[in-house]
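Top line first, the protein sequences correspond to chains L and Z.
Going by the numbering used here, the first sequence opens with residue 1, and the numbers climb by one from there.
Going by the numbering used here, the second sequence opens with residue 1, and the numbers climb by one from there.
All residues carry an ideal CB built from backbone N, CA and C; glycine is no exception.
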Amino acid sequence: MRPDPFTYHQPKSLAEASSLVAELGDGAAFYAGGTELLLLMKMQLAEYRHLVNLKNIDGLKTIGVEHDRLVIGALATHYDIAFSTAVLKHCPSLSRLCSEIANIRVRVAGTIGGNLCFAEPRADPPVLLVALDAGLRLISAHASRVIPASEFFLGPFETARKPDEILTTIEIPLGTGFASVERMKQGNYSLATAAISRSDCHQTWIGYGGGPPKQLDGTGALLDRDNGRTSDEALYAAVAEDIADLEIPSDIEAGESYRRHLIAVAVKRALVSLHETEATGVH
Amino acid sequence: MDTCVDISVEINGVPVSRSVPAETLLIDFLRDDLGLRSVKLSCDMEICGACTVLVDDLPVSSCTTLAADVDGAAVTTVEGLITDGALDPLQQAFIDHGAVQCGFCTPGFILAAKALLLRNPSPTRAEIVSALDGNICRCTGYTKIVEAVLHAASA
Numbered sequence: 001m002r003p004d005p006f007t008y009h010q011p012k013s014l015a016e017a018s019s020l021v022a023e024l025g026d027g028a029a030f031y032a033g034g035t036e037l038l039l040l041m042k043m044q045l046a047e048y049r050h051l052v053n054l055k056n057i058d059g060l061k062t063i064g065v066e067h068d069r070l071v072i073g074a075l076a077t078h079y080d081i082a083f084s085t086a087v088l089k090h091c092p093s094l095s096r097l098c099s100e101i102a103n104i105r106v107r108v109a110g111t112i113g114g115n116l117c118f119a120e121p122r123a124d125p126p127v128l129l130v131a132l133d134a135g136l137r138l139i140s141a142h143a144s145r146v147i148p149a150s151e152f153f154l155g156p157f158e159t160a161r162k163p164d165e166i167l168t169t170i171e172i173p174l175g176t177g178f179a180s181v182e183r184m185k186q187g188n189y190s191l192a193t194a195a196i197s198r199s200d201c202h203q204t205w206i207g208y209g210g211g212p213p214k215q216l217d218g219t220g221a222l223l224d225r226d227n228g229r230t231s232d233e234a235l236y237a238a239v240a241e242d243i244a245d246l247e248i249p250s251d252i253e254a255g256e257s258y259r260r261h262l263i264a265v266a267v268k269r270a271l272v273s274l275h276e277t278e279a280t281g282v283h
Numbered sequence: 001m002d003t004c005v006d007i008s009v010e011i012n013g014v015p016v017s018r019s020v021p022a023e024t025l026l027i028d029f030l031r032d033d034l035g036l037r038s039v040k041l042s043c044d045m046e047i048c049g050a051c052t053v054l055v056d057d058l059p060v061s062s063c064t065t066l067a068a069d070v071d072g073a074a075v076t077t078v079e080g081l082i083t084d085g086a087l088d089p090l091q092q093a094f095i096d097h098g099a100v101q102c103g104f105c106t107p108g109f110i111l112a113a114k115a116l117l118l119r120n121p122s123p124t125r126a127e128i129v130s131a132l133d134g135n136i137c138r139c140t141g142y143t144k145i146v147e148a149v150l151h152a153a154s155a
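Set out below in structure tokens:
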């Protein structure tokens, strides 16, 4: 499989990159790690005549603490994040997740920003980042805004990013409590992902391969009421009720009923993992 | 803007400068332009690891990497592990432990293992298994491969 010919642009600034894509229109795409985009282009599922490489723009890979936030540059690779001491200290659930995504080669090349903007419904980082209440900074040649991760993902491969906007940083509030994430992995992706964060209440989110991360309100309320002493039966019942109306995919990787089961298992494992982090005091 | 991209890259220690069409994949550049046939095309979608090469000592799938993206980097294929005609200890360990059958996946496995040993010279068995998760062998199974890496690490 080979991509069709395209022109490769190498802007040196965000403004230049954004203006280029605005000028070139639908035939242009921002290009970061390429682990998803190049695959689609090779399979002829996406056709772009212009790729605008973001990797030569300074400052987009920086990871560090700014005021009350852990700020991760969108061009940081999964590998960079997995080995970042700042991420390990302030957000170990993200460290661990990034050390397990796909395989080492994808982690070395793939970027967190590319992962989020691609909005693959089987990807794990979106689920954890919404549970962590992360903000995503989007910059164009003319404007800058931060939107909550929970408002960024609109559907499979669809986000709130405008075509000329560049995701520049992921901003995670510090000291807001404990968080955990667990995934039921199949090949390079997950069949089900669950993330729970807890400060004053349990925020419980899942990824299920069919749409944007979904918050399980009933399950979260149950965990709040039981204060960590929820039985497995009650937890599974709450998850099943929360996802009863959700359109769950059924495909060659897993049937719908199996996926529903795996979602509940992922939530259960995330809860166990959350209790472990709370017990050890290590976030 | 030109659809060709000028790249200067060090391949197995040798500086190479070329102008390549932007859409050129690293695997084609290495195999067809430079004749480095140890780099194998198999799944063509970043799953199997047969096309693994090291870019600045880290493994990438050359089937889904643009040649343009290695501009300024150092690329290592398994040919580059040989020093003055002597095999790398990892290569020798694969032979000694029978960790090779048809050999198609072997360059990828050796490079993935090399990347691990470069950053962690004394890995545990679990660390080796984790680092090689993502390279697929359809002949031998993985036990002998893991043993070969363990041996090379302790040598």
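- Which residues, in chain order, does the stretch 91-125 of chain L contribute to contact with chain Z at a C-beta distance below 8 Å? The stretch 91-125 of chain L vs chain Z, Cβ under 8 Å: Ala102, Asn103, Ile104, Arg105, Val106, Val108 and Ala109.
- Message: If the cut-off is 8 Å on Cβ atoms, which residues from the stretch 174-186 of chain L count as contacting chain Z, listed in chain order?
- Response: Nothing from the stretch 174-186 of chain L brings a Cβ to less than 8 Å from some Cβ of chain Z.
- Task: Consult DSSP for Leu150/Z and reduce its assignment to one of helix, strand or coil.
- Result: Taking the second sequence and counting its residues from 1, one reaches residue 150/Z at position 150. Leu150/Z: helix per DSSP, three-state reduction.
- Message: For Val9/Z and Val20/Z, which I take to be in contact (beta-carbon distance under 8 Å), what is that distance rounded to the nearest angstrom?
- Response: The residue given as residue 9/Z occupies position 9 in the second sequence. The residue given as residue 20/Z occupies position 20 in the second sequence. The beta-carbon distance between Val9/Z and Val20/Z, rounded to whole angstroms, is 10 Å. This is too long to meet the 8 Å contact definition.
- Message: Taking 8 Å as the threshold (beta carbon to beta carbon), is Glu127/Z in contact with chain L?
- Response: Position 127 of the second sequence holds residue 127/Z. Chain L contact via Cβ: absent.
- Message: Can you confirm whether Leu26/Z, when its beta carbon is compared against all beta carbons of chain L, has any partner nearer than 8 Å?
- Response: Translated into the one-based positions of the second sequence, residue 26/Z becomes position 26. Closer than 8 Å to the CB of Leu26/Z there is not a single CB belonging to chain L.
- Query: According to DSSP, is Cys4/Z helix, strand or coil?
  - Reply: Start at 1 with the first residue of the second sequence, and residue 4/Z comes out as number 4. Three-state DSSP puts Cys4/Z in a strand.
- Item | Cβ neighbour criterion (16 or more within 10 Å) applied to Asn103/L | Walking along the first sequence from the start, residue 103/L turns up at place 103. Buried, since its Cβ has 16 or more Cβ neighbours within 10 Å.
- Task: Within 10 angstroms of the Cβ of His67/L, are there 16 or more other Cβ atoms? Answer buried if so, exposed if not.
- Result: To locate residue 67/L, count along the first sequence from 1; it is residue 67. Looking at its Cβ environment, which holds fewer than 16 other Cβ atoms inside 10 Å, His67/L is exposed.
- chain Z contact residues for Phe157/L, given Cβ-Cβ distances below 9 Å: Stepping through the first sequence from its first residue, residue 157/L is reached at position 157. Identification of chain Z residues near Phe157/L by a Cβ-Cβ cut-off of 9 Å yields none; the smallest Cβ-Cβ distance measures about 17 Å.
- Task: Answer with yes or no whether the minimum CB distance from Pro5/L to chain Z is below 8 Å.
- Result: Your numbering for residue 5/L matches position 5 in the first sequence. Pro5/L counts as touching chain Z.
- List the DSSP bridge partners of Ala192/L. For the purposes of this step, residue 192/L is taken as the residue at position 192 of the first sequence. Among the bridge pairs identified by DSSP, Ala192/L is matched with Met184/L.
- Task: Mark Cys98/L as exposed unless 16 or more other C-beta atoms lie within 10 angstroms of its C-beta, in which case mark it buried.
- Result: As a working note, residue 98/L is residue 98 in the first sequence. So Cys98/L ends up on the buried side.
- Using alpha carbons as the reference points, say which of Phe153/L, Arg229/L, Ala266/L and Glu23/L lies closest to Pro213/L. Walking along the first sequence from the start, residue 213/L turns up at place 213. When Phe153/L, Arg229/L, Ala266/L and Glu23/L are compared, the shortest CA-CA separation from Pro213/L is found for Phe153/L.
- Query: Looking at C-beta atoms only, is the number of pairs between the stretch 125-135 of chain L and the stretch 27-41 of chain L that lie closer than 8 Å three or more?
  - Reply: Fewer than three pairs of CB atoms, one per stretch, sit closer than 8 Å, so the stretch 125-135 of chain L makes no contact with the stretch 27-41 of chain L.
- Message: Residues of the stretch 36-54 of chain Z in Cβ contact with chain L at a cutoff of 8 Å, in chain order, please.
- Response: Cβ contacts with chain L come from Asp44, Met45, Glu46, Ile47, Gly49 and Thr52.
- Item | Closest by C-alpha distance to Glu253/L, when choosing among Ala194/L, Pro148/L, Asn188/L and Glu16/L | Taking the first sequence and counting its residues from 1, one reaches residue 253/L at position 253. Taking only the C-alpha atoms, the option nearest Glu253/L is Asn188/L.
- Query: Should Glu46/Z be labelled buried (16 or more other beta-carbon atoms within 10 Å of its own) or exposed?
  - Reply: Against the second sequence, residue 46/Z aligns to sequence position 46. Its Cβ being crowded by 16 or more others within 10 Å, Glu46/Z is buried.
- List the residues of chain Z whose Cβ lies closer than 7 Å to the Cβ of Tyr8/L, in chain order. In the first sequence, residue 8/L corresponds to position 8, counting from 1. For a Cβ distance threshold of 7 Å, residue set Val5, Ala22 and Ala68 of chain Z lies close to Tyr8/L, ordered along the chain.
- Message: Between Thr159/L and Ala119/L, how many whole angstroms is the CB-CB distance? I'm expecting something under 8 Å.
- Response: Here residue 159/L corresponds to residue number 159 of the first sequence, with the count starting at 1. Here residue 119/L corresponds to residue number 119 of the first sequence, with the count starting at 1. Confirmed, Cβ separation roughly 5 Å.
- Item | Through-space distance from Thr65/Z to Leu25/Z, alpha-carbon basis | Position 25 of the second sequence, counting from 1, holds the residue named residue 25/Z. Position 65 of the second sequence, counting from 1, holds the residue named residue 65/Z. Rounded to the nearest whole angstrom, the C-alpha separation of Leu25/Z and Thr65/Z is 6 Å.
- Given that Gly25/L touches chain Z, what residues does it touch there, using C-beta distances under 8 Å? Translated into positions along the first sequence, residue 25/L becomes position 25. None at all; the shortest Cβ gap to chain Z is about 15 Å.
- Message: Can you look up Glu158/L in the DSSP assignment and give me helix, strand or coil?
- Response: Here residue 158/L refers to the residue found at position 158 of the first sequence. It is a strand residue.
- Compute the Euclidean distance between the alpha carbons of Leu14/L and Thr169/L, then round it to the nearest angstrom. As a working note, residue 14/L is residue 14 in the first sequence. As a working note, residue 169/L is residue 169 in the first sequence. Each residue's alpha carbon lies about 12 Å from the other.
- Item | Within chain L, partners of Asp133/Z - CB distance below 7 Å | For the purposes of this step, residue 133/Z is identified with residue 133 of the second sequence, where counting begins at 1. For Asp133/Z, the C-beta contacts it makes with chain L under 7 Å involve Asn103, in order along the chain.
- Where Pro59/Z meets chain L, residues with beta-carbon distance less than 7 Å: Here residue 59/Z is taken as the residue at index 59 of the second sequence, counted from 1. Within chain L, the residues near Pro59/Z are Ile104, Arg105 and Val108.
- Cutoff 8 Å; reference Cys125/Z; Cβ partners in own chain excluding five residues on either side: If you number the second sequence from 1, residue 125/Z lands on position 125. Here residue 125/Z is Arg; the residue named in the question, Cys, does not match the sequence. Sequence-distant Cβ neighbours of Arg125/Z in its own chain, meaning closer than 8 Å and more than five residues away, are Val146 and Leu150.
- Message: Along the stretch 72-88 of chain L, where does the CB come closer than 8 Å to a CB of chain Z? Name the residues.
- Response: For the stretch 72-88 of chain L, the residues whose beta carbon sits under 8 Å from a beta carbon of chain Z are, in order, Tyr79.
- Task: Could you tell me which residues DSSP puts in a beta bridge with Lys214/L?
- Result: The residue you call residue 214/L lines up with position 214 of the first sequence. For Lys214/L, which the question treats as bridged, DSSP gives the partners Ile206/L.
- Message: For a contact defined as C-beta to C-beta under 9 Å, what are the partners of Gly34/L on chain Z?
- Response: Counting from 1 along the first sequence, the entry for residue 34/L is found at position 34. Result: Thr64, Thr65, Leu66 and Asp69.
- Confirm, please, whether the CB-CB distance from Ala149/L to Leu167/L is below 8 Å. Numbered from its first residue, the first sequence carries residue 167/L at position 167. Numbered from its first residue, the first sequence carries residue 149/L at position 149. By the CB criterion at 8 Å, Leu167/L and Ala149/L fall outside the cutoff.
- Message: Is it buried or exposed, Thr76/Z, if we count other Cβ atoms within 10 angstroms and call 16 or more buried?
- Response: By one-based count along the second sequence, residue 76/Z stands at place 76. Classification of Thr76/Z: buried, given that the 10 Å Cβ count is 16 or more.
- Relative to the alpha-carbon of Ser130/Z, which residue among Glu151/L, Gly114/L and Arg96/L has its alpha-carbon at the smallest distance? Working through the second sequence from its first residue, we reach residue 130/Z at position 130. Ranking Glu151/L, Gly114/L and Arg96/L by Cα distance to Ser130/Z puts Arg96/L first.
- Message: Against chain L, with Cβ distances strictly below 8 Å, would Ala74/Z count as a contact?
- Response: Locating residue 74/Z in the second sequence gives position 74, counting from the first residue. So no, Ala74/Z is outside the interface.
- Between the Cα of Leu94/L and the Cα atoms of Arg105/L, Ala76/L and Ala109/L, which residue gives the shortest distance? The residue you call residue 94/L lines up with position 94 of the first sequence. That would be Ala76/L, whose Cα lies nearest to the Cα of Leu94/L.
- Item | C-alpha gap between Arg161/L and Ala123/L, whole angstroms | Residue numbering aside, residue 161/L sits at position 161 when the first sequence is read from its first letter. Residue numbering aside, residue 123/L sits at position 123 when the first sequence is read from its first letter. Those two C-alpha atoms are separated by around 18 Å.
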